[in-house]
Every structure is written in C-alpha cells, then in structure tokens.
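If you use our numbering, the sequence shown closes out at 394, no skipped numbers anywhere. Note that beta-carbon positions come from the ideal geometry of N, C-alpha and C, so glycine has one too. All of these numbers come straight from a predicted model, not from anything done at the bench. First comes the structure, then the notes that go with it.
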Amino acid sequence: MDVVVVGGGPAGRALARACAAKGLGTTLVDPNPGRPWRATYAGWVDQLPADAPIAVASSRSRAVTTAEHVIARGYAVLDNERLRWLPEEVRVVAGRVVGWSSTEVAVAGGRVVTGRVVDATGAAGGRAAQTAVGVVVPAEHAAPFVGADEALIMDWRRPPAATTADPTFLYAIPVSADEVLLEETSLARRPGLPLGELRLRLHSRLAAHGIPVPDGEERVRIALDGRARNGAFGAAAGSIHPATGYSVAAALRRAPVVAEAIADGRPVTRSASERVVRGLRLRGLAALLAMRPDEVPEFFNHFFQLPDNLQRDYLDGDDDLRGTVRAMLRLFGSAGWRMRARLAFPVQSAKSLETPG
C-alpha cells in the first residue's frame with residue numbers, strides 16, 4: 038500500500054518515517070522541503086518517545102504564578118535537523134497542493150500523486166491563538182531569569198512595559214550548552230495578542246536587566262481551537278493541547294500507532310475517549326479566555342498545586358478520559374468560588390472583546 042503524507046512539518050515527517058519503517062511506499066508532499074525550521078520545539082522529557090531527537094535537556098523545571106513552583110519533570114528542546122530527517126525510502130515531492138481526495142493529491146503544475154492520503158498540514162480555522170515573540174541570548178545574560186540546568190516554563194509576573202491588560206508570561210529555556218531562548222508568550226487569546234505588544238514586553242524585560250536585544254527573533258502563532266479534520270494527523274487532527282499549545286510530542290508518540298493502522302488497512306480516526314478529552318480541553322480553553330487578567334496566574338497557581346500525577350494526566354493524557362476528569366475535578370475543588378464560576382460557566386470576557394487585535 039502506498040501512503041501520501043501531505044505536509045512536511047514535524048508531525049508529517051514523523052508519520053512518513055513511521056510508515057516507511059512499516060515497509061509502506063511513502064511519499065511526503067511539502068511545498069518547500071528544503072526550508073530551515075526556525076521554530077523551537079520542546080516538551081517534557083517523559084512525554085517524548087525514547088528515540089526522540091533531543092538537542093538539550095534540563096533536569097528541573099520551574100513556574101512562577103502567584104507563587105513559585107518547582108516541577109518534578111525534566112524539559113527538553115528537540116534537534117530540528119534530526120526532527121526533519123527522512124530515510125531514503127521516503128519519496129519527497131516539492132510542490133504546492135491544489136487539491137486532494139482520500140486516494141490522490143494534485144500538485145501545482147499538473148502532477149498527481151496516488152496512495153492513501155493523510156492530511157498533516159497543521160491546524161486551520163478557529164480564532165483563539167497562542168502568540169509569542171522570542172530571542173536567543175547567551176546563557177550568562179539569561180541568568181536573571183533562569184538558572185543552569187533549568188527550564189522556566191512560565192513566569193506570569195508583569196513586564197515593566199505593557200500597553201494592554203492582557204496576561205502574558207516569560208518562557209526561558211536552554212536551546213544549547215551556552216544559549217537560552219527568552220520568549221514572551223500570550224497563552225490564549227481570541228484573537229491572538231499582536232506580536233508588537235509581545236515584542237514591547239519582552240524588550241522591556243531585557244532592558245530592566247541591562248540585556249541587549251540581539252538580532253533576529255522567533256515569532257509564534259499557534260491556532261488553539263481549529264477544527265479537527267477526519268483522516269488527518271497531528272495538529273490537523275486536533276492534537277494541539279488548547280491549554281498549552283503543545284502538539285509535537287503527541288505526534289511523535291502517535292506516529293507509529295497511526296502507521297500500524299494504515300499498514301493494517303484500518304481508518305485513521307480518533308477514539309471516542311480522545312474526542313471527549315479534546316472537548317474537555319476546549320472547555321478549559323474557554324475558561325481561560327473568560328478569565329480576567331489577574332485570574333490567569335491564580336488559575337495556574339491552583340494547577341501547579343495539583344499532585345504531579347494529576348498534572349501529567351491533564352497535560353499528557355490525550356485519550357485518558359478518567360485522568361483528565363480527575364484532574365479537572367480536583368482543580369475545581371481547590372479553587373475559590375469566583376474561579377469555580379469561571380470554570381463552570383465560561384463566557385468570553387470583556388477584555389478579549391475590547392482589546393484591539
């Protein structure tokens with residue numbers, strides 16, 4: 038059986054590798070297969086499969102909400118070159134897709150590629166987004182924010198300069214032995230917070246510590262509530278966690294499972310529990326979008342007070358309905374009445390509607 042994977046991002050390439058390993062004739066269609074990846078892909082070490090291409094890992098993690106939390110999980114940045122790698126058995130077709138069905142893909146210029154088609158073109162649709170602006174600085178410059186062998190997952194303390202009330206956090210992770218990515222992140226907003234506001238906030242944090250702004254920047258926009266498409270894989274199938282924006286670790290874990298289903302002639306579908314878990318996570322996203330700016334750090338303070346196993350259940354358990362419900366109920370029970378109202382009856386908040394996007 039031949040397989041055609043449409044989309045050459047981390048998810049598409051992971052699936053193409055897994056299909057080739059199963060002996061399937063595999064084609065990857067990518068509009069620009071030689072273009073370098075500028076994004077930084079990262080995740081918890083224990084989320085990643087054993088063969089994940091880790092570039093650098095930190096043994097400890099930290100979050101600052103309304104209090105400081107030490108997280109008992111290592112954090113890793115992936116090696117983009119190895120994440121991009123494809124075995125020679127995978128045929129790569131460079132071109133813009135102009136149409137496809139379940140059995141063929143039409144590429145600009147008239148070429149048609151046949152086989153079982155899997156959509157790995159990423160998330161589409163929806164209005165809620167995570168946005169971020171980041172820069173890479175020498176590790177010694179980042180010392181005011183993050184220590185050696187440490188990942189700062191989020192620091193919700195307000196930056197020195199901001200023109201809106203929207204909550205954002207600083208994300209600081211080692212990307213090499215001597216460099217650190219510092220990124221100002223808007224976790225979730227509808228529409229996404231403009232990059233100019235994030236840039237202003239990040240630069241003000243750097244200036245407060247006398248850190249020069251380096252050349253170049255990383256820009257991020259992740260659609261959080263896009264429609265999950267049938268016969269798709271990765272973000273196109275709705276695998277982005279709407280409360281974190283993470284999806285690559287899930288794609289790396291799931292690629293061999295989907296490749297096996299394809300080899301067996303089974304449909305590429307999400308289980309009933311996966312669909313319900315996604316629905317619960319989208320409800321969590323709605324609650325985040327409804328919170329006032331001061332409530333978001335408070336929410337994460339409650340979250341990081343959960344037992345480690347419940348944090349993992351909510352962050353990692355794509356098909357763990359019982360674990361997801363258990364974590365959500367425990368968090369609900371630990372929150373005050375105002376926060377419980379936000380969680381139970383999420384309504385789009387006035388600040389998201391009034392702040393220009």
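Under the Cβ criterion (8 Å, minimum of three pairs), the segment 97 to 109 does not count as touching the segment 131 to 147.
Per DSSP, reduced to three states, the secondary structure at residue 67 is strand.
Bridge pairing for residue 330: absent [DSSP]. Residue 374 counts as exposed, since fewer than 16 other beta carbons sit within 10 angstroms of its beta carbon. Under the DSSP assignment, residue 167 falls in the beta strand (DSSP E) whose first and last residues are 166 to 175. Relative to the Cα of residue 160, the nearest Cα in the group 321, 266 and 371 belongs to 266. Taking C-beta separations shorter than 6 Å and ignoring five residues to either side along the sequence, the partners of residue 59 in its chain run 296 and 300, following chain order.
Within the segment 223 to 261, the complete beta strand (DSSP E) runs of at least 3 residues fall at 255 to 260. DSSP places residue 104 in no beta strand (DSSP E); its state is neither H nor E. For residue 39, the uninterrupted beta strand (DSSP E) run begins and ends at 39 to 43, by DSSP. Counting the other CB atoms within 10 Å of its CB gives residue 118 a total below 16, which places it among the exposed residues.
The shortest CA-to-CA distance from residue 95 to any of 304, 46 and 214 is the one to 214.
When 233, 76, 321 and 167 are compared, the shortest CA-CA separation from residue 46 is found for 76. Judged by DSSP secondary structure, residue 52 falls within the alpha helix (DSSP H) whose first and last residues are 47 to 58.
The C-alpha of residue 311 is placed about 26 Å away from the C-alpha of residue 90. Runs of the alpha helix (DSSP H) spanning 4 or more residues and lying entirely within the segment 175 to 203 do not occur at all.
Under the three-state reduction of DSSP output, residue 351 falls in the helix class.
When the five nearest sequence neighbours on each side are left out, the beta carbons in the same chain lying within less than 6 Å of the beta carbon of residue 49 are those of 42 and 157, in order along the chain. Between residue 61 and residue 286, the gap from beta carbon to beta carbon reaches 8 Å or more. Counted as a single uninterrupted DSSP element, the stretch harbouring residue 372 is not any beta strand (DSSP E), since DSSP gives it neither H nor E. Two segments are said to touch when three or more pairs of C-beta atoms, one from each, lie closer than 8 Å; by this definition the segment 332 to 348 touches the segment 357 to 374. Ranked by Cα distance from residue 201, the first of 319, 179, 178 and 226 is 226.
Proximity of the segment 204 to 220 to the segment 165 to 179 meets the contact definition, three or more beta-carbon pairs being nearer than 8 Å.
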